[in-house]
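Using mature numbering (1 follows the signal peptide of the UniProt record, and there is no 0), the letters of the sequence shown map in sequence onto residues -19 to -1, 1 to 98. Quick reminder that beta carbons are idealized off the backbone N, C-alpha and C, glycines included. Comments concern the structure below.
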Amino acid sequence: MLWFVSLPTLLCVVTVSFSEPTTCEDAQKACSVIACGIPVTNGTPGRDGRDGAKGEKGEPGQGLRGLQGPPGKLGPPGSRGAPGPQGLKGQKGDRGDSSAGAANARLQDVREETSPL
């Protein structure tokens, strides 16, 4: 576990130590090394941006725009309606072999084959 925590720091040190030295004319005005650290720490904005910088404020007295409905259903549920008509009865299916009966028949066949052994 310690390896995963120290890996970003190690990568930063290796990147800085193997980078070529530059003169003042060629130097960048911004740091070329990415800031290392654990990406999800306290104090940094989350994925949804709720923790980040706030946007501009609106005009005073200006609320939400558009129609704002209730957050859910209002009032008690209504009475149930009358039941619908009964559907048509389907055809009777084939009886077929039951799985237990077929398994018992196969077991009996295996016993008969293995009894002479």
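#1: Kindly indicate which three-state DSSP category residue 55 falls into: helix, strand or coil?
#2: For residue 75, which three-state DSSP category applies?
#3: To the nearest angstrom, how far is the alpha carbon of residue 62 from that of residue 84?
Based on what the coordinates show:
#1: Here residue 55 is taken as the residue at index 74 of the sequence shown, counted from 1. In this structure, residue 55 counts as coil in the three-state DSSP scheme.
#2: In the sequence shown, the residue the question calls residue 75 occupies position 94. The answer is coil: DSSP assigns residue 75 none of H, G, I, E or B.
#3: Position 81 of the sequence shown holds residue 62. Position 103 of the sequence shown holds residue 84. The alpha-carbon atoms of residue 62 and residue 84 are separated by roughly 49 Å.
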